[in-house]
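Before any comments, here is the structure.
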Amino acid sequence: MASSADQLFVSDENYILVDICANLVNKKFNRDLESVIQRAKDAGVKKMIVLGTSLHSTKEALRLTRMHPGTVYCTAGIHPHDAKSWGDDDEALEVLRSVASNPECVAIGECGLDFSKDFSSPECQIQVLEKQRLKLW
162 MASSADQLFV
172 SDENYILVDI
182 CANLVNKKFN
192 RDLESVIQRA
202 KDAGVKKMIV
212 LGTSLHSTKE
222 ALRLTRMHPG
232 TVYCTAGIHP
242 HDAKSWGDDD
252 EALEVLRSVA
262 SNPECVAIGE
272 CGLDFSKDFS
282 SPECQIQVLE
292 KQRLKLW
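Spelled out as structure tokens, the structure:
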């Protein structure tokens, strides 16, 4: 009997592999980003979704979609750990709206609440989550 891991590699033209959490804007990929993307493609990954976790990473994620059209897509959002980086309401919402209005942006996120670590206070996380619930487009 084949294991589920073996079945993962069975080719089926009705399915494609999508990396839904490609953290490609992390600085550890600065030197070899292109080879990381190529290795993913070589392994059968057809699409990658790069998560926006801060205003900066949201803009960077969109930039990557332009460098790899048809393969890399992005999200726009502020992760709870990065809530303290929100800054000016008008500027932050404009960045999120701008990125979200692009066809390469396929979701709003990463956003929510995470009180397990204290990167941003619970009060700050709640405020930023409420602001991200505003109509972005």
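If you use this note's numbering, the sequence shown corresponds to residues 162 to 298, in order.
Just so you know, even glycine gets a beta-carbon here, dropped at the ideal spot from N, CA and C.
Because the structure is a prediction, the values reported are computed rather than measured.
Distance check for ALA201 and SER165, CA to CA, integer angstroms please. Numbered from 1 along the sequence shown, position 4 holds the residue referred to as residue 165. Numbered from 1 along the sequence shown, position 40 holds the residue referred to as residue 201. Residue confidence is low: SER165 scores 46 on pLDDT, short of 50, so the model does not pin down where it sits. No coordinate-derived value is stated.
In the structure shown, what three-state DSSP assignment does LYS189 receive? Position 28 of the sequence shown, counted from the start, is the residue given in the question as residue 189. If DSSP states are grouped into helix, strand and coil, LYS189 belongs with the helices.
Helix, strand or coil: how does DSSP classify LYS278 here? In the sequence shown, counting from the first residue as 1, residue 278 sits at position 117. Correct three-state label for LYS278: coil.
Would you check whether the ligand COA has a heavy atom nearer than 6 Å to the C-beta of LYS245? Of the ligands one can find in the structure shown there are none, so the ligand COA has no counterpart to examine.
Between GLU221 and the rest of its own chain, which residues show a CB-CB distance below 7 Å, the 5 nearest in sequence each way excluded? Numbered from 1 along the sequence shown, position 60 holds the residue referred to as residue 221. The answer, listed in chain order, is VAL186.
Starting from the C-beta of LYS208, find all residues in its chain whose C-beta is less than 7 Å away, skip the five residues before and the five after it, and write them out in chain order. Against the sequence shown, residue 208 aligns to sequence position 47. Excluding positions up to five away in sequence, the list reads ILE177, VAL179, THR232 and TYR234.
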